[in-house]
Amino acid sequence: MPEPKYVVIANKYAADIRKGVIPPNVWLPSQAEIARENGVSEIVARKAIGQLRRWGLVKSVERRGTQVLAQSDDTRISPERQMESPETTYDTESADGDEVVVDREIREVVADQELADTFGLEVGAPLVHVVTRATEGGRPISISDTYHLPGQAIPDADYLEEELAEREPSAVHSEWLGVPVGEPLMTIKQRFLTSEDGVLMTSDVSYIPGRYRAFSFRMALDRE
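Residue numbers (numbering that gives the first Met the number 0): 0 to 223.
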């Protein structure tokens with residue numbers, strides 16, 4: 000599903016702010032200018048600025064406009080953490096020692112057309128679907144949908160591809176995390192691949208607002 004236009008515009012400004020292309024204290028263009036530059040209405044431009052405010056990237060000053068805020072250091076989701084269990088990762092990150100609870104729902108499913116295309120299988124081929132829900136101190140912090148080939152719960156993969164970005168998650172993810180459906184969240188899309196780019200496992204993860212910031216990477220995995 001295509002992202003709403005206001006999210007696309009907000010992501011464009013967010014990327015430049017986080018990279019320092021747009022430095023702190025700079026005033027963004029007016030809503031009218033943003034609307035004109037992107038071929039949208041001022042309502043869409045206003046929603047984009049509102050999204051930037053929710054992400055903590057800008058502030059609106061009455062009768063002056065929208066000003067870029069100084070950014071604290073990002074929390075990088077390191078490649079190594081992907082080889083850890085959620086329990087280990089969240090216990091390490093928890094500064095207050097809050098209890099981390101991870102619940103997994105595992106069931107066998109059959110591949111629909113989209114999954115069959117992703118894994119290079121026939122429609123109806125067996126796959127394993129794992130839904131993982133994590134809470135910290137009783138508060139939901141993440142939810143993921145993982146699909147993998149039978150017998151590949153820990154994939155014998157050569158590469159991990161991962162994209163982390165603000166996007167609209169599924170309604171199920173939004174409901175679990177307690178945010179309005181349609182509101183962009185920090186999400187991860189992962190693919191574990193063979194050296195021939197065969198897909199062994201995919202995972203879509205959504206986090207509560209403010210947990211992480213965006214980056215993408217591809218890494219080689221040491222299988223020794």
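Where a beta carbon is used, it is the ideal one built from N, C-alpha and C, also for glycine. All values derive from a computational prediction rather than experimental measurement.
query: Of the choices 120, 132, 127, 109, whose alpha-carbon is the least far from that of residue 102?
result: Position 103 of the sequence shown holds residue 102. The option with the nearest alpha carbon to residue 102 is 132.
query: Which same chain residues, not among the five before or five after residue 193, have their C-beta less than 6 Å away from its C-beta?
result: Residue numbering aside, residue 193 sits at position 194 when the sequence shown is read from its first letter. These residues qualify, in order along the chain: 157.
- request: Counting only the same chain and skipping the five closest in sequence on each side, list residues whose C-beta sits under 8 Å from that of residue 79.
  value: Reading the sequence shown from its first residue, position 80 is the one you call residue 79. Confidence is the limiting factor: at residue 79 the pLDDT is only 48, short of 50, which leaves the residue's position unreliable and the question unanswerable from this model.
- prompt: Taking Cβ positions, are residue 64 and residue 26 nearer each other than 7 Å?
  reply: Numbered from 1 along the sequence shown, position 65 holds the residue referred to as residue 64. Numbered from 1 along the sequence shown, position 27 holds the residue referred to as residue 26. If you check the CB distance, residue 64 and residue 26 come in under 7 Å.
task: Could you please give me the residues that DSSP links to residue 147 through a beta bridge?
output: Numbered from 1 along the sequence shown, position 148 holds the residue referred to as residue 147. DSSP output for residue 147 lists 127, 200 as bridge partner(s).
- prompt: In chain order, what residues of the same chain have a beta carbon less than 7 Å from the beta carbon of residue 204, not counting five sequence neighbours either side?
  reply: Looking up residue 204 in the sequence shown gives position 205. If we look at residue 204 and ignore the five residues flanking it on each side, its Cβ neighbours are 141, 143, 186, 187.
Contacting residues, own chain, Cβ-Cβ under 7 Å from residue 98 (five flanking each side not counted): Position 99 of the sequence shown, counted from the first residue, corresponds to residue 98. The answer, listed in chain order, is 136.
- request: List the endpoints of the continuous alpha helix (DSSP H) containing residue 51.
  value: As a position in the sequence shown, residue 51 is number 52, starting the count at 1. Residues 41–53.
query: Looking at the structure shown, is residue 116 part of a helix, part of a strand, or coil, going by DSSP?
result: The sequence position of residue 116 within the sequence shown is 117, counting from 1. Correct three-state label for residue 116: helix.
task: Please determine if the stretch 118–127 and the stretch 156–176 are in contact, where contact requires at least 3 C-beta pairs separated by less than 8 Å.
output: no
task: Please report how far the alpha carbon of residue 179 lies from the alpha carbon of residue 173, in whole angstroms.
output: For this step, residue 179 is matched to residue 180 along the sequence shown. For this step, residue 173 is matched to residue 174 along the sequence shown. About 6 Å.
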